[in-house]
Ligand code: M6R
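Structure follows, in structure tokens:
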């Protein structure tokens with residue numbers, strides 16, 4: 244049931260704190276050590292892994308873009324993310340030192356399953372991150388980590404995405420600890436940061452009225468852009484997909500630095516541009532990118548951390564997310580943008596939970 248919510252999508256956005264709590268709680272013991280029941284890779288095997296491919300479709304792929312950051316930064320392993328339907332055609336190099344991570348909410352997406360089979364054939368180690376126990380991908384992969392998001396009914400993925408990203412962070416911490424390459428201090432900081440995510444998401448959801456007012460302002464626009472640098476760019480990619488999928492608004496995500504290499508030609512008066520600036524080390528560069536679009540008439544909606552008040556000077560609207568470690572800001576920064584897409588969709592009278600032409604689980608290539 245929708246438990247009093249008008250749509251499953253809104254219900255599932257609101258269920259994110261709970262899903263993330265479950266996803267973390269089930270794996271962390273009283274000594275703050277992470278355990279995964281269905282991972283059969285030992286210390287030596289994990290140490291032997293030289294590179295990682297993260298393979299998925301749609302939103303799960305976007306979660307993989309954040310996962311790539313986590314694995315490279317925390318676990319210090321070269322990681323790449325690729326779209327499942329393309330992966331096999333680039334003849335990817337894999338051997339027993341390769342770990343292929345398949346991300347799939349349903350565990351039934353055919354392209355992702357085909358990539359898993361190919362990876363096994365080539366002798367790579369495989370690991371599934373999925374929300375459905377006993378799904379095809381869970382059964383066929385050598386190792387599994389379940390997200391504990393609970394059933395996701397809306398076609399648009401929300402809580403599966405955030406729990407997938409959380410799993411990537413936990414996996415990165417787990418590998419880093421096994422390989423003894425992380426200090427206790429860094430380990431604790433990141434784990435504490437993850438533990439605080441649910442509460443922070445609740446604070447963001449409490450700003451729903453403000454986000455709804457912004458949705459009201461952009462609901463008749465025919466196009467829009469999402470800008471971000473670094474981790475914020477992966478958030479932009481997912482935020483843009485949500486708006487296209489549920490609100491039928493043509494949007495694109497751009498890496499802020501790429502703007503002046505062509506795409507800035509698209510910016511004209513009153514075009515909504517959502518600028519995501521959660522990363523403190525990239526903040527100044529991102530602000531100068533906002534100025535560039537603002538000078539060309541864009542209607543700028545910024546998503547940033549609470550202390551970055553200067554964005555108010557260059558933005559028409561600012562949505563603040565609670566202060567958090569930069570590394571995990573991507574998990575919270577998506578939430579207001581899920582809500583924005585949801586409200587634009589609802590205001591347009593679209594069947595939010597079942598947007599046209601889409602299926603929850605894609606079992607054809
Ligand atoms: O079940 P999966 O995670 O494998 O599904 C992958 C995509 O089809 C899915 O994420 C799709 O992009 C969503 N509808 C996006 O909200």
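Numbering (the UniProt record's numbering), first residue to last: 244 to 608. Ideal Cβ positions, reconstructed from N, Cα and C, are used throughout, including at glycine.
Should residue i go down as buried or exposed, given a rule of 16 or more other Cβ atoms within 10 Å for buried?
{"i": "residue 251", "result": "buried"}
{"i": "residue 269", "result": "exposed"}
{"i": "residue 321", "result": "exposed"}
{"i": "residue 376", "result": "exposed"}
{"i": "residue 382", "result": "exposed"}
{"i": "residue 538", "result": "exposed"}
{"i": "residue 362", "result": "buried"}
{"i": "residue 513", "result": "exposed"}
{"i": "residue 532", "result": "buried"}
{"i": "residue 524", "result": "exposed"}
{"i": "residue 527", "result": "exposed"}
{"i": "residue 511", "result": "exposed"}
{"i": "residue 471", "result": "buried"}
{"i": "residue 296", "result": "buried"}
{"i": "residue 307", "result": "buried"}
{"i": "residue 255", "result": "buried"}
{"i": "residue 551", "result": "buried"}
{"i": "residue 443", "result": "buried"}
{"i": "residue 607", "result": "exposed"}
{"i": "residue 336", "result": "exposed"}
{"i": "residue 247", "result": "exposed"}
{"i": "residue 505", "result": "exposed"}
{"i": "residue 529", "result": "buried"}
{"i": "residue 402", "result": "buried"}
Is it the case that the Cβ atoms of residue i and residue j are separated by a distance below 8 angstroms?
{"i": "residue 352", "j": "residue 604", "result": "yes"}
{"i": "residue 515", "j": "residue 461", "result": "yes"}
{"i": "residue 309", "j": "residue 540", "result": "no"}
{"i": "residue 579", "j": "residue 593", "result": "no"}
{"i": "residue 388", "j": "residue 345", "result": "no"}
{"i": "residue 549", "j": "residue 566", "result": "yes"}
{"i": "residue 438", "j": "residue 277", "result": "no"}
{"i": "residue 305", "j": "residue 484", "result": "yes"}
{"i": "residue 299", "j": "residue 311", "result": "no"}
{"i": "residue 281", "j": "residue 374", "result": "no"}
{"i": "residue 348", "j": "residue 303", "result": "yes"}
{"i": "residue 426", "j": "residue 407", "result": "no"}
{"i": "residue 421", "j": "residue 434", "result": "no"}
{"i": "residue 482", "j": "residue 590", "result": "no"}
{"i": "residue 368", "j": "residue 339", "result": "yes"}
{"i": "residue 489", "j": "residue 404", "result": "no"}
{"i": "residue 519", "j": "residue 553", "result": "no"}
{"i": "residue 583", "j": "residue 316", "result": "no"}
{"i": "residue 559", "j": "residue 543", "result": "yes"}
{"i": "residue 440", "j": "residue 410", "result": "no"}
{"i": "residue 487", "j": "residue 480", "result": "no"}
{"i": "residue 564", "j": "residue 447", "result": "yes"}
{"i": "residue 313", "j": "residue 331", "result": "no"}
On the DSSP bridge list, what partners appear for residue i?
{"i": "residue 326", "result": "299"}
{"i": "residue 271", "result": "277"}
If we require 3 or more residues per run, which beta strand (DSSP E) segments fall completely within the UniProt domain "SIS" (457-598)? Whole beta strand (DSSP E) segments, 3+ residues: 466-471, 493-498, 515-520, 542-548 and 560-564.
Please give me, in chain order, every unbroken run of the beta strand (DSSP E) with length at least 3 that falls completely inside the UniProt domain "SIS" (285-424). Taking only runs of at least 3 residues, the beta strand (DSSP E) segments lying wholly in the UniProt domain "SIS" (285-424) are 294-299, 321-326, 341-347, 368-373 and 386-389.
Suppose only complete runs of 4+ residues qualify. What are the alpha helix (DSSP H) ranges in the stretch 426-457, listed by chain order? Here the runs fully enclosed are 427-448.
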